[in-house]
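Below is one structure; the comments refer to it alone.
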Amino acid sequence: MLKLVFLGRLEDLAGVGEMLVPLDGGQTLSGVLAGLPGDLAAALQGPKVKLAQNGALLPPGAEPVLADGDELAFLPPVSGG
Amino acid sequence: MLKLVFLGRLEDLAGVGEMLVPLDGGQTLSGVLAGLPGDLAAALQGPKVKLAQNGALLPPGAEPVLADGDELAFLPPVSGG
Amino acid sequence: MRNVRLLTAPFDPNAEIDPFARAHPEAGAIASFVGKVRPGGGVEALELSHYPPLTLPGMETLADEAMRRWPLMGVLLLHRTGLLYPGEPIVMVAAVSSHRRAAFEATDFVMDHLKSDSWFWKREQVGGQWRWIEPRGEDHADLKRWQA
Amino acid sequence: MRNVRLLTAPFDPNAEIDPFARAHPEAGAIASFVGKVRPGGGVEALELSHYPPLTLPGMETLADEAMRRWPLMGVLLLHRTGLLYPGEPIVMVAAVSSHRRAAFEATDFVMDHLKSDSWFWKREQVGGQWRWIEPRGEDHADLKRWQA
Chain A
-18 MLKLVFLGRL EDLAGVGEML VPLDGGQTLS GVLAGLPGDL AAALQGPKVK LAQNGALLPP
42 GAEPVLADGD ELAFLPPVSG G
Chain B
-18 MLKLVFLGRL EDLAGVGEML VPLDGGQTLS GVLAGLPGDL AAALQGPKVK LAQNGALLPP
42 GAEPVLADGD ELAFLPPVSG G
Chain C
2 MRNVRLLTAP FDPNAEIDPF ARAHPEAGAI ASFVGKVRPG GGVEALELSH YPPLTLPGME
62 TLADEAMRRW PLMGVLLLHR TGLLYPGEPI VMVAAVSSHR RAAFEATDFV MDHLKSDSWF
122 WKREQVGGQW RWIEPRGEDH ADLKRWQA
Chain D
2 MRNVRLLTAP FDPNAEIDPF ARAHPEAGAI ASFVGKVRPG GGVEALELSH YPPLTLPGME
62 TLADEAMRRW PLMGVLLLHR TGLLYPGEPI VMVAAVSSHR RAAFEATDFV MDHLKSDSWF
122 WKREQVGGQW RWIEPRGEDH ADLKRWQA
């Protein structure tokens, strides 16, 4: 299983702050996204959304190799002001 | 009589913070300065020393008309820092 | 002294600055900043969410960076999370140094980076409805001031 | 609220900022600065003399100028005179506004002008001897930042 964490407005869109998903779509990000509702998957791939794997920020465009028990966080732009 | 006020290091040089002087050298600044010790008079005319007459700052190079009871303050550069 | 904390309950800035200032009797200059939930505009509450694995480590890195850039004796950096009401402090930053310029600049630097380069998401409640606060272009402009 | 005072006895910055902050519940941002007599360097005491007819009026004009330049809700400006000892506060400036940039800039502006464009003369006692503190070029450079 993989734990997905949705921050900011992505939490509203997902309807939950965290979600456990099986890794049966392969150990790739695109495999995981394919198993999610289309609008959520699209938002998670937005150009300004950053990713953190197990609490470590990933470089833009990284294609993480996911392992059972990993936590993958989706971080939209912060609010400022 | 005229009250002279010496600020900052001018007070050290004058040896006093305030001094009453007669106006018998005329009602001009140069008349007053002529009655003071030469080194003090020179310091009071330093290019960075500002003057205030009765609490109002005078423009650089002003030649105030002095009257009996006036207060004339000599203000060297402030310390900063 | 580096005092960096993420707070889940209301705090009193004056109760924080006092021990911080006393901890640095050798300081010549203390600059500080407090940002509060602005009353008015119909805002009933503000909610700050964050991502724990990144947020506090990011704040600590930011305080370290300020201490690296300026000759500071100490940095105080406090930030609220959770539900806040109008008038409550959200953030407090203070810096102590020998001279004023370093203390001012470091405080300003930390605030600019907290606003645009840290891991907080804010939403506000207006008329019973929650809405997310969007990024502001002004904050990114503020951040660019420090990229020499 | 404009709170401008010339003080002849030691003061506690924390006791000053508290009522000032409370007087502006509508504020979103409070920036403040405290400058103290730096311990070290063998300085035993600092004496600040001033010229009463100009000093306080000059401070009031400076506070007014800050309120004219930035959208501030209040300015606090306190300055000591007389004999001060290491660790004692000399000056305190605070500004409250809706947003942080105005509060920061106004505080910085007032400090820069107090340092170079106000009526205080300082001398320090080292090894029992008094010596006048000379003007610093750095302060005039700081002042030029505000001349647009």
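Protein chains in written order, with my numbering: chain A, -18 to 62; chain B, -18 to 62; chain C, 2 to 149; chain D, 2 to 149. All C-beta atoms, glycine included, are put in the ideal place defined by N, C-alpha and C.
If you follow the beta strand (DSSP E) that residue i is part of, which residue opens it and which one closes it?
| i | result |
| --- | --- |
| N35(A) | Careful: N35(A) lies outside any beta strand (DSSP E) and carries neither H nor E. |
| F(-13)(A) | L(-17) to F(-13) |
| V111(C) | No beta strand (DSSP E) holds V111(C); the alpha helix (DSSP H) holding it covers R101 to S117. |
| M74(C) | L73 to R81 |
| S50(C) | V44 to H51 |
| A54(B) | E52 to L56 |
| E(-1)(B) | E(-1) to V2 |
| E125(D) | F121 to V127 |
| R146(D) | Neither: R146(D) is in no beta strand (DSSP E) and is coded neither H nor E. |
| V5(D) | R3 to L8 |
| R132(C) | Q130 to W133 |
Assuming residue i contacts residue j (C-beta within less than 8 Å), just tell me the rounded distance between them.
| i | j | result |
| --- | --- | --- |
| L14(B) | Q26(B) | 7 Å |
| D143(C) | D113(C) | 4 Å |
| V92(D) | L63(D) | Not a contact, Cβ separation roughly 12 Å. |
| L53(A) | L38(A) | No, L53(A) and L38(A) are not in contact; Cβ-Cβ is about 12 Å, not under 8 Å. |
| L(-15)(B) | M0(B) | 5 Å |
| W133(C) | A107(C) | At roughly 30 Å, the Cβ-Cβ gap does not stay under 8 Å, so W133(C) and A107(C) are not in contact. |
| A24(B) | L(-6)(B) | 5 Å |
| D49(B) | Q34(B) | Contact flag wrong, Cβ pair sits at about 13 Å. |
| A95(D) | I18(D) | 6 Å |
Using the Cα positions of residue i and residue j, report the straight-line distance between them to the nearest angstrom.
| i | j | result |
| --- | --- | --- |
| G41(C) | E27(D) | 8 Å |
| M2(C) | V76(C) | 6 Å |
| A24(D) | S99(D) | 14 Å |
| Q148(C) | H141(C) | 11 Å |
| A32(C) | F34(D) | 4 Å |
| D20(A) | L4(A) | 20 Å |
| M(-18)(B) | V111(D) | 38 Å |
| R6(C) | M60(D) | 37 Å |
| P41(A) | P87(D) | 52 Å |
| L47(D) | T82(D) | 10 Å |
| G7(B) | E139(D) | 42 Å |
| G128(C) | L85(C) | 16 Å |
| F12(C) | A104(D) | 21 Å |
| D118(D) | E89(C) | 37 Å |
| E45(D) | Q130(D) | 9 Å |
| T9(D) | K123(D) | 14 Å |
| K37(D) | A16(C) | 20 Å |
| W120(C) | E135(D) | 47 Å |
| V(-3)(B) | R(-10)(B) | 11 Å |
| D109(C) | V30(A) | 27 Å |
| T9(A) | L78(C) | 38 Å |
| F21(C) | A43(B) | 50 Å |
| N4(D) | R69(C) | 36 Å |
| G85(B) | E(-8)(B) | Residue 85(B) is absent from the model: chain B starts at -18 and stops at 62. |
| L49(D) | Q126(D) | 12 Å |
| Y52(C) | M74(D) | 35 Å |
| R146(C) | G36(A) | 29 Å |
| A30(C) | R137(C) | 31 Å |
| A22(B) | P28(B) | 12 Å |
Return the first residue and the last residue of the alpha helix (DSSP H) that residue i is part of.
| i | result |
| --- | --- |
| P90(D) | First-last for P90(D): P90 to S98, but that is the beta strand (DSSP E), not the alpha helix (DSSP H). |
| G19(B) | G19 to L25 |
| I31(C) | Careful: I31(C) lies outside any alpha helix (DSSP H), inside the beta strand (DSSP E) at A30 to K37. |
| E17(C) | P14 to R23 |
| L(-6)(A) | R(-10) to A(-5) |
| V13(B) | L10 to A15 |
(request) Could you please tell me which residues of the stretch 16 to 34 of chain C, in chain order, have their CB closer than 8 Å to any CB of chain D? (result) If the cut-off is 8 Å between Cβ atoms, the stretch 16 to 34 of chain C has I18, D19, A22, P26, E27, A28, G29, A30, I31, A32, S33 and F34 near chain D.
(request) May I ask you to list, following chain order, the residues of the stretch 31 to 60 of chain C that have a beta carbon less than 9 Å from some beta carbon of chain D? (result) Within the stretch 31 to 60 of chain C, the residues whose Cβ lies closer than 9 Å to some Cβ of chain D are I31, A32, S33, F34, V35, G36, K37, V38, R39, P40 and G41, listed in chain order.
(request) Check whether the stretch 32 to 46 of chain C touches the stretch 95 to 110 of chain D, counting contact only when three or more Cβ pairs, one atom from each stretch, lie closer than 8 Å. (result) Yes, the stretch 32 to 46 of chain C is in contact with the stretch 95 to 110 of chain D.
(request) Check each residue of the stretch 65 to 83 of chain C: if its Cβ is closer than 7 Å to any Cβ of chain D, include it; give the result in chain order. (result) Close to chain D, meaning a Cβ-Cβ distance shorter than 7 Å, is no residue of the stretch 65 to 83 of chain C at all.
(message) Tell me whether the stretch 48 to 60 of chain C and the stretch 51 to 61 of chain B touch, counting them as touching only if at least three CB pairs, one residue from each stretch, are closer than 8 Å.
(response) They do not touch, by the three-pair rule.
(request) Quick one: which residues of the stretch 84 to 103 of chain C get their C-beta closer than 7 Å to a C-beta of chain D? List them in chain order. (result) Correct list: G88, S99 and R101.
(message) Counting only Cβ-Cβ distances shorter than 7 Å, please list the residues of the stretch 100 to 126 of chain D near chain B, keeping chain order.
(response) From the stretch 100 to 126 of chain D, only K116, S117, S119, W120, F121, W122 and K123 have a Cβ closer than 7 Å to chain B.
(request) Return the residues of the stretch 14 to 47 of chain B that lie within a Cβ-Cβ distance of less than 9 Å from chain D, sorted by chain order. (result) Shown in chain order are the members of the stretch 14 to 47 of chain B whose Cβ falls below 9 Å from a Cβ of chain D: K29, A33, N35, G36, A37 and L38.
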